[in-house]
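In our numbering, the protein residues as written are 21 to 274.
For glycine and all other residues, C-beta sits at the position ideal for the given N, C-alpha and C.
Quick look at the structure:
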């Protein structure tokens, strides 16, 4: 069995790392360059950098900041936020990112996923899905775009399947209902998506305790766990997380 991955997430707004609850009530968590370097040094498997206001403000991802982070981290580095064109992806990959995460633009223009996969390889293309539990269809979730501010009529599981067919190499799946609550991942959501696709799924949203991370893998069948609050604010170190998961019988790169 492949080792599972532990991936801290840097949500960036105005050149600072922030963290909120259900995408709201943001609080400062530090400098992205310093925080990224710290996680790299601590042994994180990968790092995700999301420019959370780029799409809302109709601007490009902060390329200079991405370049500065890339100079300080020595682990795979995924960048997302405001990416809508092949040229931007090329620029970000040349600036040090190993993968790009596409959300709103993928929904609006699915051909961007397939074109990106053809040009750069599926391993560089992460389909980000912000999922909110449906109020009208039990056991279903709807895709939300524009940093979670706009719901669509798209079903999350159907979109995940289509994203895989388009050529995405990985799915970053965030539960908007659980995000920032520290009450645990939505493992019903995680199971629904992991059971529908064969590409890796990163579970995101809700990590508050070590057992939540294990549950996302053992119950949600996630290939990786994304976290922010639990590590940004000193609750757990990357080493503690990995040792705990290994003790639970989950394969880890220690």
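Proximity winner among the options, relative to residue i (alpha-carbon distances)
| i | options | result |
| --- | --- | --- |
| residue 203 | 230, 190, 192 | 230 |
| residue 94 | 116, 244, 228 | 116 |
| residue 157 | 146, 144, 176 | 176 |
| residue 256 | 50, 62, 199 | 62 |
| residue 279 | 125, 26, 131, 211 | An answer regarding residue 279 cannot be provided, because it is not within the stretch 21 to 274 covered by the chain. |
| residue 88 | 134, 234, 56 | 56 |
| residue 221 | 121, 228, 105 | 121 |
| residue 258 | 34, 30, 64, 22 | 64 |
| residue 152 | 267, 195, 240, 170 | 195 |
| residue 170 | 210, 111, 263, 123 | 123 |
| residue 201 | 178, 234, 247, 174 | 247 |
Own chain partners of residue i with C-beta closer than 7 Å, once the 5 adjacent residues on each side are dropped
| i | result |
| --- | --- |
| residue 232 | 204, 205, 226 |
| residue 139 | 106 |
Contacts around residue i, its chain only, beta-carbon distance under 8 Å, and the 5 residues preceding and following it disregarded
| i | result |
| --- | --- |
| residue 287 | In the structure as shown, the chain starts at 21 and stops at 274, and residue 287 therefore has no counterpart that could be examined. |
| residue 32 | 38, 52, 69, 70, 71, 72, 82, 85, 101 |
| residue 24 | 237, 242, 243, 244, 245, 265, 270, 271, 272 |
| residue 182 | 130 |
| residue 50 | 36, 37, 252 |
| residue 260 | 230 |
Between the CA atoms of residue j and residue i - distance to the nearest angstrom
| i | j | result |
| --- | --- | --- |
| residue 207 | residue 249 | 18 Å |
| residue 253 | residue 242 | 24 Å |
| residue 28 | residue 67 | 6 Å |
| residue 113 | residue 223 | 23 Å |
| residue 160 | residue 107 | 35 Å |
| residue 59 | residue 30 | 10 Å |
| residue 143 | residue 133 | 12 Å |
| residue 119 | residue 125 | 16 Å |
| residue 148 | residue 213 | 12 Å |
| residue 235 | residue 178 | 24 Å |
| residue 135 | residue 180 | 17 Å |
Whole-Å CB distance - residue i paired with residue j, under 8 Å assumed
| i | j | result |
| --- | --- | --- |
| residue 197 | residue 168 | In fact, because the Cβ distance is near 11 Å, the residues do not count as touching under 8 Å. |
| residue 210 | residue 240 | 3 Å |
Buried/exposed call for residue i, threshold 16 Cβ in 10 Å
| i | result |
| --- | --- |
| residue 44 | Per-residue confidence for residue 44 stands at a pLDDT of 49, beneath the threshold of 50, marking its modelled position as unreliable; no derived number is given. |
| residue 184 | buried |
| residue 218 | exposed |
| residue 199 | buried |
| residue 215 | exposed |
| residue 141 | exposed |
| residue 274 | exposed |
| residue 192 | buried |
| residue 34 | exposed |
Own chain, CB closer than 6 Å to residue i, minus 5 neighbours either side, in chain order
| i | result |
| --- | --- |
| residue 137 | 145, 187 |
| residue 104 | 125 |
| residue 21 | 271 |
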